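**Student:** Take 11 as the starting number for the sequence shown in the numbering used here and just add one per residue. Where a beta carbon is used, it is the ideal one built from N, C-alpha and C, also for glycine. From a predicted model like this one, the values you see are computed outputs, not experimental measurements.
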Amino acid sequence: KDGGDFTRDNPKGRNIHFGIREHGMCAIMNGISYHGIFRASGATFLVFTDYCRASIRLGALSRLPNIYIFTHDSIGVGEDGPTHQPVETVSSVRLMPNIDVIRPADPEETAGAFVAAVQRTDGPTLIALTRQVVPILNDVDVKLRREGVARGGYIAKKEKGKLDLIIMSCGSELQHALAAAKELGDGARVVSMPCFERFARESVKYREEVLPKSCRKRVAIEAGVPEIWYQYVGLDGKVIGLHQFGLSAPGAEVMKERGIDAQHVVDAAKSL
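1) What does Met178 pair with, by DSSP beta-bridge criteria?
2) Can Val201 and Ile250 be called in contact, C-beta distance under 7 Å?
3) Among Val159, Asp12, Arg141 and Thr140, which has the Cα closest to the Cα of Glu118?
4) For Ile250, which of helix, strand or coil comes out of DSSP?
5) Looking only at C-alpha atoms, which of Arg199, Arg31 and Glu212 sits nearest to Arg228?
6) Enumerate, from N- to C-terminal direction, the unbroken alpha helix (DSSP H) stretches of 4 or more residues contained entirely within the segment 36 to 112.
7) Is the segment 206 to 213 touching the segment 181 to 191, taking contact as three or more C-beta pairs under 8 Å?
8) What's the C-alpha gap between Val152 and Leu139?
9) Along the chain, where does the alpha helix (DSSP H) containing Lys266 start, and where does it finish?
10) For Val235, which residues in the same chain have their Cβ closer than 8 Å to its Cβ, ignoring the five residues on either side in sequence?
11) Give me the DSSP bridge partner(s) of Asn25.
12) Let's see if you can read the secondary structure: which residues bound the alpha helix (DSSP H) around Lys168?
13) Please state whether the Cβ-Cβ distance between Asn20 and Leu74 is less than 7 Å.
14) Which of helix, strand or coil does DSSP assign to Leu136?
15) Go ahead and pull the three-state DSSP assignment for Ser281.
16) Ignore the nearest five residues each way along the sequence and tell me which others in Ile146's own chain have a CB closer than 8 Å to its CB.
17) What residues in its chain sit with their C-beta under 6 Å from that of Ala272, if we drop five residues either side in the sequence?
18) Residue range of the alpha helix (DSSP H) that Glu157 falls in?
19) Please state if the CB of Ser258 and the CB of Glu89 are separated by a distance shorter than 7 Å.
20) Could you pull the start and end residues of the alpha helix (DSSP H) that Gln185 belongs to?
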């Protein structure tokens, strides 16, 4: 904000106002990154990823270190309705090679996400943020939240005693995973998975420590299409996700109507 706006009269400005022109924004970010002196970051609503997908794809293909800060990342957008509520968007970008998609759960994970994005120099990072207010997850150590993002996934709540169940989530739905774990007892572990790509780059040893193969009772929850979670949930587990578009209503009501809450996690876990 202190960098000023780039204009004809102020070529030293660091901010460019593109208006409703997402494709142009991301294409120009590629050009800035190709030049090599500056790091480019751009912001818009996540649902408008589809307007600039070709430019994002080219940035990923070229391994340009762009940082995309895309907000309003789920049906929690609320009253704008299903046209502005991403359902399939996060998963669709996760499928693109070379790009890290980070969906942090609270301000501390967000800080960790930005550090991770800045430190990555061999490809772009998309940080998907909520519109709605989310709780600060004070039950999880601050250092763990910040550093865990860089590894893609980490144990946010460790079981007490024998491991019986693993609950996975990310973004604004991590709060529901933590709430469900409290009801499900001492054997429940909660894993925050803000970045699939970074977690996949971790060692086999680390991934086994976080998601041991011996525990097949697994539940995941995310306010989006569920398919991508099955690589970690497995055929024996369940995913609480969305199989349809959202609604025009307050965000909390849309989440409840579509079953994105702690109770659905509890019910799924008890059915395993």
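**Tutor:** To lay it out plainly:
1) Val201 and Ala230
2) no
3) Val159
4) strand
5) Arg199
6) 63 to 71 and 99 to 104
7) no
8) 19 Å
9) Gly261 to Glu267
10) Val97, Glu98, Ser101, Gly251, Leu252 and His253
11) Asp15
12) Unbroken run through Lys168: none, as it is neither H nor E.
13) no
14) strand
15) helix
16) Asp116, Pro117 and Glu118
17) His186, Ala189 and Ala190
18) Val152 to Ala160
19) yes
20) Leu184 to Leu194
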